[in-house]
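Notes follow the structure.
In our numbering, the protein residues as written are 5 to 293.
Here it is, written out as structure tokens:
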């Protein structure tokens, strides 16, 4: 299959049509891919549709995105159906039971929608912005393979990915939004670790560049990439494709999922199978030397 993952700049829109035209254009640019991936907080572009004042305020911006998310979802659903592609829309704050959650949505060509909310909040999300975590993880069984989503910081927690592995994960999508180079490299390091541990394909999408009109996502450092375990038949560094730091673009990768999955039984190591053996060592003892 071919995967397209976005190094995505956030633009300010005052009218719906501008946003719809941009998303449509980006999808059309990625039409050669079977799976199209947008980043964490890509939906913040909707914040400007309720006015610049709302876009500049953290809580009002979240409310604006939530106000427009149904219409954005309808657009992505239509694009997935008309192009015959799977599309992970940019995540964003959505009202859920009185709280705001950070929600990613995966659209399939047959009209199905998979929802994954962020599980673990960064200090900024929990202390400053007030985004609320959710506890459910899902793996979506598609004709491309079994796909899971861990939103940015979630990828830094191995047990979350492990739960998805136990549900048969083949492809892990990591939409990200990081405001420093260090933030990007934390997620990037986690992404490649998850590819190694889960012996699967991991796809990272990133927001890129400054966003002066929205404090929630005012600085963005990142680049998109597609990663696999560095093992038999794969690149030595595990990098199938990579973008350039803070350069807007699609990053394309051709992935043979059967070859990646075969590493689990035919690779030099069997990390996925041997993972439970860690349970023999559940404690560490502090010893004075």
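Note that beta-carbon positions come from the ideal geometry of N, C-alpha and C, so glycine has one too.
Of the residues the options, which one's Cα is nearest the Cα of residue i?
i: residue 11; options: 286, 265 and 256; result: 256
i: residue 71; options: 82, 59 and 154; result: 59
i: residue 128; options: 82, 114 and 62; result: 62
i: residue 79; options: 38, 23 and 69; result: 23
i: residue 48; options: 216, 268 and 240; result: 216
i: residue 54; options: 140, 170 and 16; result: 16
i: residue 6; options: 83, 29, 68 and 91; result: 91
i: residue 31; options: 85, 74, 290 and 20; result: 85
i: residue 221; options: 270, 183 and 200; result: 183
i: residue 151; options: 163, 189 and 112; result: 112
i: residue 88; options: 146, 101 and 167; result: 146
i: residue 159; options: 188, 252, 246 and 144; result: 188
i: residue 204; options: 110, 277 and 247; result: 277
i: residue 121; options: 138, 168, 130 and 114; result: 138
i: residue 19; options: 29, 45, 56 and 38; result: 56
i: residue 119; options: 77, 267, 67 and 249; result: 77
i: residue 260; options: 148, 240 and 96; result: 148
i: residue 251; options: 265, 272, 268 and 225; result: 225
i: residue 26; options: 36, 38, 83 and 74; result: 83
i: residue 247; options: 192, 126 and 164; result: 192
i: residue 38; options: 241, 258, 67 and 227; result: 258
i: residue 265; options: 126, 45, 36 and 169; result: 169
i: residue 67; options: 130, 167, 36 and 104; result: 104
i: residue 190; options: 233, 126 and 241; result: 126
i: residue 106; options: 46, 267, 289 and 288; result: 46
Spatial neighbours of residue i within its chain, please: C-beta separation below 6 angstroms, excluding the five flanking residues on both sides.
i: residue 237; result: 263
i: residue 99; result: 70
i: residue 271; result: 235 and 236
i: residue 185; result: 225
Between residue i and chain C, is any beta-carbon pair separated by less than 8 angstroms?
i: residue 50; result: Protein chain content of the structure displayed is limited to a single chain, and chain C is not contained in it.
Looking only at its own chain, which residues have a Cβ that is under 8 angstroms from the Cβ of residue i, when we skip the five neighbours before and after it?
i: residue 132; result: 62
i: residue 218; result: 14, 16, 48, 51, 52, 59, 60 and 65
i: residue 273; result: 235
i: residue 214; result: 222, 223 and 224
i: residue 240; result: 234
Starting from residue i, follow its DSSP beta bridges and name the residues at the other end.
i: residue 275; result: Looking at the DSSP assignment, residue 275 forms no beta bridge with any residue, so it has no partner.
i: residue 99; result: 104
i: residue 92; result: 41 and 110
i: residue 9; result: 41 and 255
Within the same chain, show all residues whose beta-carbon is closer than 7 angstroms to that of residue i, passing over the 5 residues directly before and after it, in chain order.
i: residue 43; result: 10, 12, 94, 179, 180, 181, 209, 210 and 211
i: residue 34; result: 8, 40 and 254
i: residue 243; result: 229 and 231
i: residue 206; result: 176, 178, 195, 198, 199 and 231
i: residue 173; result: 143, 150, 152, 202 and 204
i: residue 28; result: 83
Since residue i and residue j should fall inside the 8 angstroms C-beta cutoff, what is the C-beta to C-beta distance between them, to a whole number of angstroms?
i: residue 81; j: residue 153; result: Not really, about 17 angstroms apart at Cβ, beyond 8 angstroms.
i: residue 198; j: residue 176; result: 6 angstroms
i: residue 157; j: residue 124; result: 6 angstroms
i: residue 73; j: residue 96; result: 6 angstroms
i: residue 110; j: residue 141; result: About 13 angstroms; that fails the 8 angstroms criterion.
i: residue 279; j: residue 166; result: 7 angstroms
Within the segment 175–256, note down every full alpha helix (DSSP H) run reaching 4 residues or more, in order along the chain. 185–202
Any beta strand (DSSP E) of 3 or more consecutive residues that is wholly inside the segment 12–66: 39–41
Residue ranges of each alpha helix (DSSP H) within the segment 130–184, 4 or longer: 162–170
For the segment 103–130, which segments carrying the beta strand (DSSP E) assignment without a break, of at least 3 residues, lie completely within its bounds, in sequence order? 103–111 and 117–121
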